[in-house]
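Residue numbers (our numbering), protein chains in the order written: chain A, 53 to 164; chain B, 1405 to 1518.
In structure tokens form, the structure reads like this:
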């Protein structure tokens, strides 16, 4: 079971940091953690992924708990364009290109 | 990363007919994936299309309903056959993102069956 648990929705103000949590308590040692987001009327967009260490890219940071049972996607300064559904996905099989199983995700609302 | 062109972007179809959706990628990819997103729902993987072999379907999806072609490494089609209103969804294709570890998605085909 590649299930993850996320809050249904979160709100933020523009230019403030956003921390989106994800629980994956049954994760195994070779499972990757991926984050995608889907803006209105668009296909999902890759945000970031990681295995054990924290990861940073131009879009966001991914903080992975030491026991790997949870992770947090960090948007350092939210903009109105960051309003989207954010999906935390666990992929199995020891590869970062494992099959994606989408849950319901977190709807992020950003207030001006 | 790869750029995907998906056609048509939207269509309204009569029940009982079929629609073929095209997915064109600007680079060669081994795997292509087809997803369905029902209204207000998340994405569900329909099948994985590999060039030169039969597509692999996920539980709940069958080839007779969703035949897939993969004639080369840059192109695939998904047909939604004998459509009913329950098939009204957004259909998306996806390919590996070539080195960055993620997947690239097309913008989707919004299908309405009346």
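C-beta atoms are modelled at their ideal positions from N, C-alpha and C, and glycine is treated no differently. Please read these numbers as outputs of a predicted model, since none were measured by experiment.
(message) Is there a C-beta anywhere in chain B that falls below 8 Å from the one on residue 58 (chain A)?
(response) Residue contact with chain B for residue 58 (chain A): absent (no Cβ-Cβ distance below 8 Å to any residue of chain B).
(request) Could you have a look at residue 160 (chain A) and say whether DSSP puts it in helix, strand or coil? (result) Looking at residue 160 (chain A) - three-state DSSP - the assignment turns out to be strand.
(request) Could you list the residues in the region 1444-1456 of chain B with a C-beta less than 9 Å from some C-beta on chain A, going in chain order? (result) Going along the region 1444-1456 of chain B in chain order, one finds 1445, 1446, 1447, 1448, 1449, 1452 with a Cβ nearer than 9 Å to chain A.
(message) Please report whether the beta-carbon of residue 1420 (chain B) lies at a distance below 8 Å from any beta-carbon of chain A.
(response) False, the Cβ-Cβ gap to chain A never drops below 8 Å.
(message) Given this structure, state the Cα-to-Cα distance separating residue 126 (chain A) from residue 56 (chain A), to the nearest angstrom.
(response) Those two C-alpha atoms are separated by around 17 Å.
(request) Could you pull out every residue in the same chain whose Cβ sits closer than 7 Å to the Cβ of residue 1471 (chain B), ignoring the five residues on either side in sequence? (result) Closer than 7 Å at Cβ, skipping near neighbours: 1483, 1485.
(request) Flag residue 96 (chain A) as yes if its beta-carbon sits less than 8 Å from any beta-carbon of chain B, otherwise no. (result) Output row for residue 96 (chain A): interface = yes.
(request) Taking only beta-carbon positions, decide if residue 1500 (chain B) is within less than 8 Å of chain A. (result) Cβ-Cβ to chain A under 8 Å: yes for residue 1500 (chain B).
(request) For the beta strand (DSSP E) containing residue 136 (chain A), list its first residue and its last residue. (result) It spans 136-143 - the beta strand (DSSP E) in which residue 136 (chain A) sits, taken as one unbroken run.
(message) Cβ closer than 7 Å: which chain A residues qualify as neighbours of residue 1510 (chain B)?
(response) Within chain A, the residues near residue 1510 (chain B) are 95.
(request) Kindly identify the DSSP beta-bridge partner or partners of residue 1453 (chain B). (result) Answer by DSSP bridge pairing, in chain order: B:1436.
(request) Go through its chain and collect everything with a Cβ distance to residue 102 (chain A)'s Cβ below 8 Å, but skip five positions before and after it. (result) So the list reads 84, 85, 114, 116, 123, once near-sequence residues are dropped.
(request) Note down, one range per segment and in chain order, each beta strand (DSSP E) of at least 3 residues found wholly within the region 102-140 of chain A. (result) Listed in chain order, the beta strand (DSSP E) elements of length 3 or more contained wholly in the region 102-140 of chain A are 113-116, 122-127.
(request) Taking residue 84 (chain A) as part of the beta strand (DSSP E), name the residues at either end of that continuous run. (result) If you look at residue 84 (chain A), you'll find it in the beta strand (DSSP E) that goes 84-90.
(message) By alpha-carbon positions, which one of A:62, A:80, A:78 ends up nearest to residue 72 (chain A)?
(response) Closest in alpha carbon position to residue 72 (chain A), among A:62, A:80, A:78, is A:62.
(message) Just to confirm my understanding: we take residue 96 (chain A), look at its own chain, exclude 5 residues before and 5 after, and list those with CB closer than 8 Å. What are they?
(response) Hits under 8 Å: 88, 89, 90, 139, 154.
(request) Tell whether a beta-carbon distance below 8 Å holds between residue 1451 (chain B) and residue 1429 (chain B). (result) Cβ distance not < 8 Å, so residue 1451 (chain B) and residue 1429 (chain B) don't count as in contact.
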